[in-house]
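The sequence shown begins at -9 in the working numbering and counts up by one. Data block below; observations after.
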Amino acid sequence: MITNLQEGERLDDLECKGYQIIQKKDGFCFGTDAVLLSSFVTVRESERVLDMGTGTGVIPILLEAKTKGKQFIGLEIQQSIADMAGRSVAWNHLEDTIQIRTGDIKEASKLFGGASFHVVTSNPPYMPANTGLKNPNEIKAISRHEIYCTLDDVVREASKVLKANGRFYMVHRPQRLGHIMEAFIKYKMKLRRLQMVHPMLGKEASLVLIEAVKYGNPYVVVEEPIILYERPGVFTHQYEEIYGKNRSNKKCGC
């Protein structure tokens, strides 16, 4: 696969095992939510993982670095973005463990078969298609609004491709928790862990990290919240430990 940078692309350091990722200079780049999700996910030795709506492929690449999973597959509907993610995989010489597939989340169970993964992850669009201002940049709009898939689609297909007792991990907006719980009940997923993310102490939560289990028991663990900033522009030690901002050890949560 060709790994040369194309016009309008840049190569960013993931600060983890020397891995780098190709991103569009004016496109949708991975952010705090993807980093937090990759640190929240548990992948055991020899497990297969599907990342639905993989975008740049950052979550499969970070999970390969942090876990002992056997195989990581990123599913992305936009051909140009899937190609870029595939070139990032090749750039880091990870073709033996990571695959990028072009396809629709709504068709995941048809593409991969039922009960075929131990773990599913997703950083889906947060906003329903008919709410908020849509970004004029189509790629960014698709990443932020439910244009190609809905929350219901994501949970339904995750439930279908997961093995019994398989784990589903998602980052989303706290305001959508009611809809998320409705979808979990509908598709026989049980909430297992929940962790709120706050921009600063005393501020309303801006993200929620969720683990659900297919056919799991109803016991729920609510973890200590994550606080991102001590004050504007200054990360908390808690977030630095997750993100690996300490360049002297390049931890990146690894």
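The C-beta atom is built at its ideal place from N, Cα and C for all residues, glycine as well.
Item: Reference Asn82; option with closest CA among His169, Ser28, Tyr9; Value: Tyr9
Item: Same chain, Cβ closer than 8 Å to Met179, five either side skipped, listed in chain order; Value: Val145, Ala148, Ser149, Phe158, Ala173, Ala202, Val203, Lys204, Gly206
Item: Glu54 burial status per 10 Å Cβ neighbour count (16 or more: buried); Value: buried
Item: Closest residue to Pro222 among Asp73, Met190, Leu199 (Cα-Cα distance); Value: Met190
Item: Chain-order list of residues whose beta-carbon lies under 6 Å from that of Thr57 (same chain, five-residue window excluded); Value: Val33
Item: Beta-bridge pairing of Thr245 - partner residues as DSSP gives them; Value: No information on residue 245 is available, as it lies outside the stretch -9 to 244 that the chain covers here.
Item: Beta-carbon proximity of Ala75 to Gly64, cut-off 8 Å; Value: yes
Item: Per-residue DSSP class, three states only, for Glu220; Value: strand
Item: Touching by the beta-carbon criterion (3+ pairs, under 8 Å), the segment 18 to 36 and the segment 91 to 102; Value: no
Item: Counterpart residues of Ser112 in DSSP-defined beta bridges; Value: Met42, Met160
Item: Reduced DSSP category for Asp2 - H, G, I as helix; E, B as strand; rest coil; Value: strand
Item: DSSP three-state assignment for Lys178, whether helix, strand or coil; Value: coil
Item: Sequence-distant residues of its chain with Cβ nearer than 6 Å to Thr226 (five each side left out); Value: Ile217, Glu220
Item: Per DSSP, the bridge partner or partners of Arg183; Value: Glu201, Val211
Item: Cβ-based burial, Asp86 [other Cβ within 10 Å; buried from 16]; Value: exposed
Item: Test item: CB-CB of Thr44 and Gln13 under 8 Å; Value: no
Item: Own chain partners of Arg163 with C-beta closer than 6 Å, once the 5 adjacent residues on each side are dropped; Value: Tyr116
Item: Beta-ladder partner(s) of Met190, from DSSP; Value: Tyr219
Item: For Pro215, the nearest candidate out of Val187, Thr111, Ala24, Ser196 (CA to CA); Value: Val187
Item: Buried versus exposed, by CB contacts within 10 Å (16 or more), Asp143; Value: buried
Item: Through-space distance from Asn155 to Ile170, alpha-carbon basis; Value: 19 Å
Item: Residues of its chain near Tyr229, where Cβ-Cβ distance is below 6 Å and the 5 sequence neighbours each way are ignored; Value: Leu218
Item: Pro114 versus Ile49, Glu194, Ile90, residue with shortest Cα-Cα distance; Value: Ile49
Item: Beta-carbon proximity list for Glu37, same chain, < 7 Å, skipping 5 on both sides; Value: Gly59, Lys60, His108, Val109
Item: Rounded separation between Asp41 and Gly103 - CA only; Value: 15 Å
Item: Rounded distance between the beta-carbons of Val212 and Leu167, thought under 8 Å; Value: In fact, because the Cβ distance is near 12 Å, the residues do not count as touching under 8 Å.
Item: Proximal residues to Ala105 (C-beta, below 6 Å), its chain only, five neighbours per side dropped; Value: Lys153
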